[in-house]
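Notes follow the structure.
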Amino acid sequence: MLVLIQTGGYSGTGLNAVLEHSAAPKGSMYFHFPDGKEGLGVAAVDLAAKQFATLIADAAASAGGAAHAARLAIEALTRIVSESDYRLGCPVSVVTLEMGAESESLRQACATAFESWIAPTTALLEGSGIDAQSARTLATVVVSTIEGAVILSRAMRSTQPLVAAADVVAELIDLRCQLAESTR
Numbered sequence: 073m074l075v076l077i078q079t080g081g082y083s084g085t086g087l088n089a090v091l092e093h094s095a096a097p098k099g100s101m102y103f104h105f106p107d108g109k110e111g112l113g114v115a116a117v118d119l120a121a122k123q124f125a126t127l128i129a130d131a132a133a134s135a136g137g138a139a140h141a142a143r144l145a146i147e148a149l150t151r152i153v154s155e156s157d158y159r160l161g162c163p164v165s166v167v168t169l170e171m172g173a174e175s176e177s178l179r180q181a182c183a184t185a186f187e188s189w190i191a192p193t194t195a196l197l198e199g200s201g202i203d204a205q206s207a208r209t210l211a212t213v214v215v216s217t218i219e220g221a222v223i224l225s226r227a228m229r230s231t232q233p234l235v236a237a238a239d240v241v242a243e244l245i246d247l248r249c250q251l252a253e254s255t256r
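Numbering (my numbering), first residue to last: 73 to 256.
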């Protein structure tokens, strides 16, 4: 369902398409997801959250600091978006925009997903010497910027918004790290 949401949106993804895509019997789907499409949507958002959290963790593990980690994560997203011919984006933002006001369980799943990206980014920034409150604020801005850049890249059919986001986010993190260092 994740790919179907990424390409067709939550509202545009019908249960028949999910069943066809998964080749699962209808009864099996309702056994595992008694809430139907809403339950599938929550599971898809959870999966997307885990995938992006892994991307963040991999970038942090292989990077030379928080700014470089952010750049690596954004570069990975840039490849995903461009290699899919701008069809794949963030299913969490799609579900949030389409269903956040309609379904409390989907809204909560999306909020939890975003938090699962903000929290490790906050920890990475704190590890770079930024105080907890500033790190949390900056992490929220970083995740928001990345989400917006993915949406713009898809709309414009260009990687330019993601490339610009990588440059600005890395610069902002470097500046905040330098500021934190100078105040110690």
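From the three backbone atoms N, C-alpha and C, an ideal C-beta is built for every residue, glycine too. Treat the numbers as computed from the prediction; the structure is a model and nothing was measured.
Best match in the options for proximity to residue i [C-alpha to C-alpha]
| i | options | result |
| --- | --- | --- |
| I245 | A183, P233, I190, A138 | A138 |
| L112 | A125, E253, A89 | A89 |
| V235 | L197, M171, F186, A142 | A142 |
| S156 | S230, G201, A133 | S230 |
| S254 | I202, S165, V240, A125 | I202 |
| A121 | E170, L178, T150, A95 | L178 |
| A185 | T212, A204, S83 | T212 |
| A238 | A133, H140, L169 | H140 |
| S83 | Q250, V167, E243 | V167 |
Alpha-carbon to alpha-carbon, residue j and residue i
| i | j | result |
| --- | --- | --- |
| T209 | E174 | 28 Å |
| G108 | E176 | 15 Å |
| S188 | A95 | 30 Å |
| A252 | A125 | 26 Å |
| Q123 | P163 | 11 Å |
| P52 | V241 | Because residue 52 is not part of the residues shown, which for the chain are 73 to 256, the question remains open. |
| A183 | R248 | 26 Å |
| G136 | L169 | 35 Å |
Residue environment, residue i, which counts as buried when at least 16 other CB atoms sit within 10 Å
| i | result |
| --- | --- |
| G99 | exposed |
| S216 | exposed |
| E219 | buried |
| M171 | buried |
| S165 | buried |
| A204 | exposed |
7 Å CB neighbourhood of residue i in its chain, flanking five on each side removed
| i | result |
| --- | --- |
| G161 | Q78, V153, V222, I223, R226 |
| P233 | A221, L224, S225 |
| A181 | V114, V117, D118 |
| A145 | L127, I128, A131 |
| I190 | A211, T212, V215 |
| E110 | S175, S177, L178 |
| Q250 | none |
Own chain partners of residue i with C-beta closer than 6 Å, once the 5 adjacent residues on each side are dropped
| i | result |
| --- | --- |
| A148 | L127 |
| A207 | T194, L197, E198 |
| T150 | T231, L234 |
| Y158 | R226, R229 |
| P258 | This structure cannot speak to residue 258, because the chain is shown only from 73 to 256. |
7 Å Cβ cutoff, residue i in contact with chain C
| i | result |
| --- | --- |
| F124 | The chain inventory of the structure shown lacks chain C, comprising one protein chain alone. |
Beta-carbon contacts of residue i that lie in its chain and below 8 Å, excluding the five residues immediately before and after
| i | result |
| --- | --- |
| R256 | G201 |
| A133 | none |
| E243 | A139 |
Cβ-heavy atom distance, residue i to the ligand FAD, below 6 Å
| i | result |
| --- | --- |
| G201 | Summarising the ligand content, the structure contains no ligands, and the ligand FAD is consequently not present. |
Segments of 4+ residues assigned as alpha helix (DSSP H) that fall wholly inside the stretch 206-243: none
Complete alpha helix (DSSP H) runs within the stretch 103-172 (minimum length 4 residues, chain order): 109-134, 138-155, 163-171
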